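Novice: The following block contains the structure, expressed as structure tokens.
Protein chains: 2
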Amino acid sequence: MAGQTNNRFDRWATPGVRGLQPYQPGKPIDELQREYGIDEVIKLASNENPLGPSPVVAETLAASVAELSRYPDGNGFALKQALAAHHRLNSAQITLGNGSSDVLEFVVRAFVQPGDEVLFAEYAFAMYPLVTLAAGGTPVAAPARDWGHDPEAMLAAITPRTKVVFVANPNNPTGTWLSDDELQAFLEAVPEHIVVAVDEAYFDYASDPALGAPDYPDASRWLSRYPNLMVTRTFSKVYGLAGLRVGYALSHPDLADLLNRVRPPFNVNSQALAAAEAALADQAHVSRSVILNVEEMARVTDGVTEMGLEFIPSVGNFVSVEVGDSAAAVYDALLREGVIVRPLANYGMPRHLRVTLGLPAENERFLGALRRALKA
Amino acid sequence: MAGQTNNRFDRWATPGVRGLQPYQPGKPIDELQREYGIDEVIKLASNENPLGPSPVVAETLAASVAELSRYPDGNGFALKQALAAHHRLNSAQITLGNGSSDVLEFVVRAFVQPGDEVLFAEYAFAMYPLVTLAAGGTPVAAPARDWGHDPEAMLAAITPRTKVVFVANPNNPTGTWLSDDELQAFLEAVPEHIVVAVDEAYFDYASDPALGAPDYPDASRWLSRYPNLMVTRTFSKVYGLAGLRVGYALSHPDLADLLNRVRPPFNVNSQALAAAEAALADQAHVSRSVILNVEEMARVTDGVTEMGLEFIPSVGNFVSVEVGDSAAAVYDALLREGVIVRPLANYGMPRHLRVTLGLPAENERFLGALRRALKA
């Protein structure tokens with residue numbers, strides 16, 4: 061990811077930042093509208109909840125507009141109290157992030173110096189190597205097994221310089237997961253001075269028995285056993301609040317203390333704090349969202365199977381479909397029909413496209429557009 | 061700021077993070093209400109706009125609630141277009157931050173490695189040393205002159221390890237400023253490989269002629285002359301949007317490119333982007349806020365002068381008053397009357413309290429409470 065540029069400041073930048081390429085998000089709807097002149101765009105590219113957030117969020121936000129001129133509560137007192145009750149943990153075990161990716165940056169900045177290594181699996185979330193490089197660390201990707209994490213390969217990749225291990229469970233963009241037994245055995249084997257960050261952004265989808273992962277673990281129940289474990293969750297996925305940026309880590313209080321030292325004092329804004337607290341209280345909305353996801357996973361995987369395509373079995377709200385050598389052309393053809401999905405070439409998966417499960421009509425439109433693109 | 065703790069993870073953390081003490085924000089209103097059981101609390105502690113944001117902001121936010129489930133535009137296209145037009149610069153010269161303090165972190169993370177130095181003035185904003193330490197850098201504070209920046213002392217403090225210089229203009233918490241001539245001479249003298257970050261959080265207050273600083277410069281007009289200059293501004297002060305966290309840097313496009321490499325992709329959330337754009341369009345609200353500030357600066361400085369107190373002449377929306385040896389006790393006495401100001405002991409100014417200029421009635425209440433506290 062590093063390389064030569066013509067930037068006059070590159071030579072004075074830290075080595076990790078020289079030539080660093082920023083994260084490429086899913087294409088925004090209005091960008092496609094501007095570029096292609098298409099009105100009716102659907103975005104199935106960023107694993108957002110197609111139902112949106114709980115309806116109580118809008119009321120909460122309207123009520124908190126009067127407080128906009130005040131700095132947010134830098135300690136996030138109310139939201140942390142609510143999260144502590146939800147998880148049956150202590151507030152001192154919670155670190156709030158501007159999205160869970162913020163907390164993933166904190167752990168790298170707290171522990172990684174130039175020369176240190178950060179370990180993750182091949183095909184894992186693109187932010188892991190980026191935040192590692194930015195901190196001057198060395199990203200190490202352990203080989204995958206059937207597109208998923210291979211715990212043995214990861215353990216074998218640990219060196220004396222390893223400081224942080226990221227485990228995405230389930231993984232994005234593959235939707236694969238480690239079972240309860242596999243993950244606990246892994247935690248047991250990692251030395252206590254290495255922080256293991258288990259990224260559970262898709263927890264509520266993956267932990268629903270109907271989606272087919274009865275052995276999917278809630279890593280937070282091991283927090284008292286492994287002080288070097290942190291578990292991250294987010295309000296960006298099933299809670300439908302991607303626009304507001306709220307995530308958090310659950311950990312040992314000492315680890316939370318360190319993460320909070322590198323946390324900027326007002327990283328989560330006041331609207332985000334209020335909305336997250338309201339969204340957390342509406343678990344019925346979470347259930348509705350998960351039920352829809354189960355139904356739509358069947359629709360989309362049946363649909364692509366009918367087209368003769370293979371997909372990676374997923375417990376998330378997305379599925380990666382093996383489109384083949386023409387994946388880039390298919391992605392473009394879908395864009396021209398106003399359907400945004402996610403190309404995966406930058407994940408080392410150039411033959412796959414990842415599609416987020418949307419509303420029934422959106423998924424039907426995706427399937428129709430995909431069928432036409434494959435025939436073209 | 062570093063020291064020994066009992067935290068089990070400290071020995072594995074980066075040296076700069078070991079014993080790091082997080083930034084202490086102004087006490088939130090509801091925290092005082094919880095702790096002291098006082099209902100009628102006024103907060104004059106965080107240099108917030110007592111008029112709040114433009115009334116158009118609330119309408120804009122209500123209209124954008126439908127987009128909460130979508131990730132923000134990671135490029136901030138619309139807000140950057142509006143800022144570019146406002147400043148008559150190019151969008152490629154803008155880096156958006158989750159508050160301007162976010163951008164100040166970016167410059168340190170982009171350029172500072174362990175052993176490198178970051179220079180600023182004594183009594184300058186507390187975030188400068190904190191972000192430096194967190195990145196493993198060495199904070200260097202040049203001696204002040206009459207509470208303000210001393211450009212000669214700062215130039216003399218530059219070493220071969222200096223990578224970034226922070227110049228707060230005006231400075232917080234003192235309200236002092238460098239004149240047009242002083243600042244340009246300083247920029248001229250700093251070597252081109254050192255980034256000079258001029259923090260103009262209080263620009264709109266300081267550039268109002270009625271407040272008494274006709275020689276206060278707009279550093280952004282030197283951007284084409286000094287490629288190593290960056291100028292930061294914020295929506296947290298005169299725009300009344302501290303709760304939403306939006307700031308930005310103006311710089312050479314190459315420098316902006318580097319800052320954007322370390323910028324997290326969704327650091328400014330969608331409500332914040334929309335609100336900032338709306339607030340920027342209402343310059344009449346900015347003018348009303350600045351006019352009020354001029355009137356209230358006279359009220360508060362006259363009031364404390366009548367009590368026989370000295371204050372540091374300020375061009376911001378706050379003033380630091382020399383209360384004397386009993387400043388900590390006076391701060392507590394004010395709290396018990398429900399008036400929150402800012403103690404400055406952690407800025408090396410234990411005899412001063414900083415008060416934000418509020419609404420007329422709030423300032424009268426502060427003056428009354430201060431009078432009683434001094435007599436106690």
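So the protein sequences, as listed, match chains A and B. Residues 61 to 436, numbered by this note's numbering, are exactly what the first sequence covers, in order. Residues 61 to 436, numbered by this note's numbering, are exactly what the second sequence covers, in order. Ideal placement from N, C-alpha and C gives every residue a C-beta, glycine not left out. Computed from a predicted model, the values in this text were never measured in an experiment.
Would you call the segment 296 to 313 of chain A and the segment 266 to 274 of chain A touching, i.e. three or more CB-CB distances under 8 Å?
Specialist: Not touching, per the Cβ criterion.
Novice: Taking only three categories from DSSP, how would you classify Ser418 of chain A?
Specialist: Your numbering for residue 418 of chain A matches position 358 in the first sequence. Here the sequence assigns Gly to residue 418 of chain A, which means Ser is not the residue at that position. Of the three classes helix, strand and coil, the one that applies to Gly418 of chain A here is coil, per DSSP.
Novice: Mapping the DSSP letters down to three states, classify Met409 of chain A as helix, strand or coil.
Specialist: Stepping through the first sequence from its first residue, residue 409 of chain A is reached at position 349. Three-state result, Met409 of chain A: coil.
Novice: Pull up the distance between the alpha-carbon of Leu427 of chain B and that of Glu366 of chain B, whole angstroms please.
Specialist: Stepping through the second sequence from its first residue, residue 427 of chain B is reached at position 367. Stepping through the second sequence from its first residue, residue 366 of chain B is reached at position 306. One C-alpha to the other measures close to 10 Å.
Novice: Please list, in chain order, all residues of the same chain as Glu356 of chain A whose beta carbon is under 6 Å from its beta carbon, the five residues on each side excluded.
Specialist: Here residue 356 of chain A refers to the residue found at position 296 when the first sequence is read from its first residue. Excluding residues within five positions, the ones whose Cβ falls inside 6 Å are Leu417 and Asn423.
Novice: Report the three-state DSSP secondary structure of Arg130 of chain A (helix, strand or coil).
Specialist: Working through the first sequence from its first residue, we reach residue 130 of chain A at position 70. Arg130 of chain A falls in the coil class under three-state DSSP.
Novice: Let's test the definition: count the other Cβ atoms within 10 Å of the Cβ of Glu95 of chain B and tell me whether it reaches 16, buried, or not, exposed.
Specialist: Locating residue 95 of chain B in the second sequence gives position 35, counting from the first residue. So Glu95 of chain B ends up on the exposed side.
Novice: Pull up the distance between the alpha-carbon of Leu149 of chain A and that of Leu139 of chain A, whole angstroms please.
Specialist: Start at 1 with the first residue of the first sequence, and residue 149 of chain A comes out as number 89. Start at 1 with the first residue of the first sequence, and residue 139 of chain A comes out as number 79. If I take the Cα positions, the gap works out to 13 Å.
Novice: Which chain B residues sit within Cβ distance under 9 Å of Leu128 of chain A?
Specialist: As a working mapping, residue 128 of chain A is identified with position 68 in the first sequence. The contacting residues are Gly112, Pro113, Val117, Ala118, Leu121, Gly300, Leu301, Ala302, Gly303, Leu304 and Ala335.
Novice: Answer yes or no: do Asn377 of chain A and Tyr262 of chain A have a C-beta to C-beta separation smaller than 8 Å?
Specialist: Sequence index remark: in the first sequence, residue 377 of chain A carries index 317 (1-based). Sequence index remark: in the first sequence, residue 262 of chain A carries index 202 (1-based). In this structure, Tyr262 of chain A lies closer than 8 Å to Asn377 of chain A by Cβ.
Novice: When you compare the CB positions of Pro211 of chain A and Gly196 of chain A, do they come within less than 8 Å of one another, or not?
Specialist: For this step, residue 211 of chain A is matched to residue 151 along the first sequence. For this step, residue 196 of chain A is matched to residue 136 along the first sequence. Their beta carbons are not under 8 Å apart, which means Pro211 of chain A does not touch Gly196 of chain A by this criterion.
Novice: Pull up the distance between the alpha-carbon of Ser161 of chain B and that of Tyr83 of chain B, whole angstroms please.
Specialist: In the second sequence, counting from the first residue as 1, residue 161 of chain B sits at position 101. In the second sequence, counting from the first residue as 1, residue 83 of chain B sits at position 23. In a straight line, the C-alpha of Ser161 of chain B is about 11 Å away from that of Tyr83 of chain B.
Novice: Starting from Arg205 of chain A, follow its DSSP beta bridges and name the residues at the other end.
Specialist: Position 145 of the first sequence, counting from 1, holds the residue named residue 205 of chain A. Beta-bridge pairing links Arg205 of chain A to A:Gly208.
Novice: Taking one C-beta from the segment 339 to 353 of chain A and one from the segment 100 to 118 of chain A each time, how about it: are there three or more such pairs within less than 8 Å?
Specialist: Judged by Cβ distances under 8 Å, the segment 339 to 353 of chain A makes contact with the segment 100 to 118 of chain A, as three or more pairs qualify.
Novice: Taking the beta strand (DSSP E) that Ala309 of chain A falls in, what are its first and last residues?
Specialist: By 1-based counting over the first sequence, the position of residue 309 of chain A is 249. Segment Gly307 to Ser311, the beta strand (DSSP E) holding Ala309 of chain A.
Novice: Do Ala336 of chain A and Val291 of chain A come within 8 Å of each other at the CB atom, strictly closer than that value?
Specialist: The sequence position of residue 291 of chain A within the first sequence is 231, counting from 1. The sequence position of residue 336 of chain A within the first sequence is 276, counting from 1. Their beta carbons are not under 8 Å apart, which means Val291 of chain A does not touch Ala336 of chain A by this criterion.
Novice: Starting from Glu337 of chain B, follow the alpha helix (DSSP H) in both directions and report where the run begins and ends.
Specialist: Taking the second sequence and counting its residues from 1, one reaches residue 337 of chain B at position 277. Ser330 to Ala341 is the extent of the alpha helix (DSSP H) around Glu337 of chain B.
Novice: At least one CB of chain A closer than 8 Å to the CB of Arg30 of chain B: is that the case?
Specialist: Examination of residue 30 of chain B is not possible in this model, given that chain B is present from 61 through 436 alone.
Novice: Whether or not the segment 175 to 184 of chain B and the segment 310 to 324 of chain B are in contact is what I'm after, with contact meaning three or more pairs of Cβ atoms, one per stretch, closer than 8 Å; do they touch?
Specialist: No contact exists between the segment 310 to 324 of chain B and the segment 175 to 184 of chain B.
Novice: Less than 8 Å between the C-beta atoms of Leu271 of chain B and Val375 of chain B, yes or no?
Specialist: The sequence position of residue 271 of chain B within the second sequence is 211, counting from 1. The sequence position of residue 375 of chain B within the second sequence is 315, counting from 1. Contact flag set, yes.
Novice: Pick out the complete alpha helix (DSSP H) segments inside the segment 113 to 190 of chain A, 4 residues or longer, and give them in chain order.
Specialist: Runs found: 116 to 124, 137 to 147 and 160 to 171.
Novice: Would you report the Cα separation of Pro251 of chain A and Leu315 of chain A, rounded to the nearest angstrom?
Specialist: Here residue 251 of chain A corresponds to residue number 191 of the first sequence, with the count starting at 1. Here residue 315 of chain A corresponds to residue number 255 of the first sequence, with the count starting at 1. Straight-line Cα distance between these residues: approximately 15 Å.
Novice: Could one say the Cβ of Tyr56 of chain A lies closer than 8 Å to chain B's Cβ atoms, at least one of them?
Specialist: Outside the displayed span of chain A (61 to 436) sits residue 56 of chain A, for which this structure offers no information.
Novice: Look at the Cβ atom of His147 of chain B, then the Cβ atom of Ser280 of chain B, and state whether they are nearer than 8 Å.
Specialist: On the second sequence, position 87 is the one that residue 147 of chain B refers to. On the second sequence, position 220 is the one that residue 280 of chain B refers to. Taking 8 Å as the Cβ cut-off, His147 of chain B and Ser280 of chain B qualify as a contacting pair.
Novice: Where Leu289 of chain B and Asp70 of chain A are concerned, what is the direct C-alpha to C-alpha distance, given to the nearest angstrom?
Specialist: Taking the second sequence and counting its residues from 1, the one referred to as residue 289 of chain B is at position 229. Taking the first sequence and counting its residues from 1, the one referred to as residue 70 of chain A is at position 10. If I take the Cα positions, the gap works out to 15 Å.
Novice: How should Asp385 of chain B be labelled, buried or exposed, when 16 other C-beta atoms within 10 angstroms of its C-beta is the threshold for buried?
Specialist: Here residue 385 of chain B refers to the residue found at position 325 of the second sequence. Exposed, since its Cβ has fewer than 16 Cβ neighbours within 10 Å.
Novice: Does chain B have any CB closer than 8 Å to the CB of Arg321 of chain A?
Specialist: Taking the first sequence and counting its residues from 1, one reaches residue 321 of chain A at position 261. Output row for Arg321 of chain A: interface = yes.
Novice: Going by C-alpha to C-alpha distance, which of A:Leu243, A:Asn232, A:Ile372 and A:Pro287 sits closest to Ser106 of chain A?
Specialist: Within the first sequence, numbered from 1, the residue matching residue 106 of chain A stands at position 46. Nearest option by C-alpha distance: A:Asn232.
Novice: Residues in the segment 134 to 155 of chain A with C-beta within 9 Å of chain B's C-beta atoms, listed in sequence order?
Specialist: Hits within the stretch, in order: Gly134, Asn135, Phe137 and Ala138.
Novice: Comparing C-alpha positions only, which one of A:Leu430, A:Leu80 and A:Gly408 sits nearest to Val415 of chain A?
Specialist: Mapped onto the first sequence, residue 415 of chain A falls at position 355. It is A:Leu430.
Novice: From Thr234 of chain A to Gln141 of chain A, what does the alpha carbon distance come to, in whole angstroms?
Specialist: Within the first sequence, residue 234 of chain A is the residue found at index 174, counting from 1. Within the first sequence, residue 141 of chain A is the residue found at index 81, counting from 1. Rounded to the nearest angstrom, the two C-alpha atoms are 33 Å apart.
Novice: What do you get for Leu80 of chain A, buried or exposed, if any count of 16 or more other CB atoms within 10 angstroms of its CB means buried?
Specialist: Position 20 of the first sequence, counting from 1, holds the residue named residue 80 of chain A. It counts as buried.
Novice: Within 8 Å of any Cβ in chain B, is that where the Cβ of Ala62 of chain A sits?
Specialist: One-based indexing of the first sequence puts residue 62 of chain A at position 2. Low confidence applies here, because Ala62 of chain A scores a pLDDT of 43, under 50, leaving its location unreliable and the question unanswered by this model.
Novice: Run down chain B in chain order and give the residues with a C-beta less than 8 Å from the C-beta of Ala279 of chain A.
Specialist: Taking the first residue of the first sequence as 1, we reach residue 279 of chain A at position 219. Chain B residues near Ala279 of chain A: none, gap ~18 Å exceeds 8 Å.
Novice: Specify, as a first and last residue, the run of the beta strand (DSSP E) that Ile372 of chain B falls within.
Specialist: The count along the second sequence starts at 1 and reaches residue 372 of chain B at position 312. Taken as a continuous stretch (DSSP letters only), the beta strand (DSSP E) holding Ile372 of chain B covers Glu370 to Ile372.
Novice: Can you tell me whether Thr74 of chain A is buried or exposed, with buried defined as 16 or more other CB within 10 angstroms of its CB?
Specialist: Reading the first sequence from its first residue, position 14 is the one you call residue 74 of chain A. Its Cβ being crowded by 16 or more others within 10 Å, Thr74 of chain A is buried.
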